[in-house]
Amino acid sequence: MTKPRPKHLNLLQIRLPLPGVISIMHRVFGAALFLAIPLLLYAMQSSLESPASFDALKNALAHPLAKLFLLGLAWAYLHHFCAGLRYLALDLDYGTDLAPARASAKAVVAVSLGLTLLFGVWIW
Amino acid sequence: MVRREVVGAHYGLRDWLAQRITAVVMVIYTLLLVLALAIAPAVDFLHWSTLWKMPVMRYATVLFLLCVYYHAWIGVRDIVMDYVKDAGLRLTLYVIVIGALVCYAVWSIQILWGF
Chain V
130 MTKPRPKHLN LLQIRLPLPG VISIMHRVFG AALFLAIPLL LYAMQSSLES PASFDALKNA
190 LAHPLAKLFL LGLAWAYLHH FCAGLRYLAL DLDYGTDLAP ARASAKAVVA VSLGLTLLFG
250 VWIW
Chain Z
1190 MVRREVVGAH YGLRDWLAQR ITAVVMVIYT LLLVLALAIA PAVDFLHWST LWKMPVMRYA
1250 TVLFLLCVYY HAWIGVRDIV MDYVKDAGLR LTLYVIVIGA LVCYAVWSIQ ILWGF
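As given, the protein sequences belong to chains V and Z, one line each in that order. Quick note: to get our numbering, add 129 to the position in the first sequence (first position is 1). Quick note: to get our numbering, add 1189 to the position in the second sequence (first position is 1).
Structure follows, in structure tokens:
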């Protein structure tokens, strides 16, 4: 006998708990970081090629939109970094109970946002 | 009747482990790089290029980047596996992603040793 189970495949009806939210963010930011690789390599190349290309990159990154982009990238990296550390801990059986798992999910959000803010202060 | 056990392709555990080992390498590199830049801020081109000419920076960075690319492959492949149902499109995306990552690896070495 099959039990009728509630199905909520409508994305607008799904209410994810915080660990679920940071999990999907981990995935989305991971994909974003993959797409940013060529831009970062290009920036690295410009920074090392010659004093002129170094200055050109510096000027380009001084633009507020460029800084905003860097801030978004930093958030993606820092979130992926912190959430990744949490997954490594979970793999080692640390904090797998419901309460600690929720608490560590909160910590991931707080720490990654805090560090992103710090990065923002540093570049501005 | 033939009893068949359903088994996987056996690359799951290897990739699962590789994803974690590469992650640990990237964490260590990130912390050391931030520390290095905090101790010796690269304010101009001369400081910056001198820093990156150090062999330890070149080798550590190339190790880090190879970890990034392998980690990215496993991650992007898992995303494609989850959402792309059409086998032909999935294969095409795999080829594009692998091709891009191999190009990035070659390009990285050119950047690190080419200045």
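We put the CB at the ideal spot given by N, CA and C, even for glycine. Note that the coordinates shown come from a computational prediction; the quantities given were computed from them, not determined experimentally.
Membership of residue 136 of chain V in any alpha helix (DSSP H) is not indicated, and neither H nor E is assigned to it by DSSP.
For the set V:221, V:225 and V:209, the Cα lying nearest the Cα of residue 237 of chain V is the one of V:209. Under the three-state reduction of DSSP, residue 1291 of chain Z is assigned to helix. Rounded to the nearest angstrom, the gap between the Cα atoms of residue 140 of chain V and residue 201 of chain V is 24 Å.
Annotated as distal: residue 1254 of chain Z and residue 1246 of chain Z, with beta-carbon spacing of 8 Å or more. Going by C-alpha positions, residue 146 of chain V is about 14 Å away from residue 155 of chain V.
CA-to-CA, the gap between residue 229 of chain V and residue 164 of chain V works out to about 33 Å.
Residues of the same chain with a CB within less than 8 Å of the CB of residue 185 of chain V, apart from the 5 flanking positions on each side, are 175 in chain order.
The beta carbon of residue 1216 of chain Z falls within 8 Å of a beta carbon belonging to chain V, placing the residue at that interface. A Cβ-Cβ contact shorter than 8 Å links residue 159 of chain V with residue 1264 of chain Z. Here residue 1194 of chain Z carries a coil assignment [DSSP, helix/strand/coil]. In terms of beta-carbon proximity, residue 166 of chain V lines the interface with chain Z, with at least one pair separated by less than 8 Å. Per DSSP, residue 143 of chain V lies in no alpha helix (DSSP H) and is assigned neither H nor E. In the same chain as residue 1249 of chain Z, and ignoring 5 residues on each side of it, the C-beta atoms closer than 7 Å to its own belong to 1218, in chain order. A residue is called buried when at least 16 other Cβ atoms come within 10 angstroms of its Cβ; residue 1276 of chain Z does not meet this threshold and is exposed.
Residue contact check for residue 233 of chain V against chain Z: no CB pair falls below 8 Å.
In the structure shown, residue 1242 of chain Z falls within a helical segment according to DSSP collapsed to helix, strand and coil.
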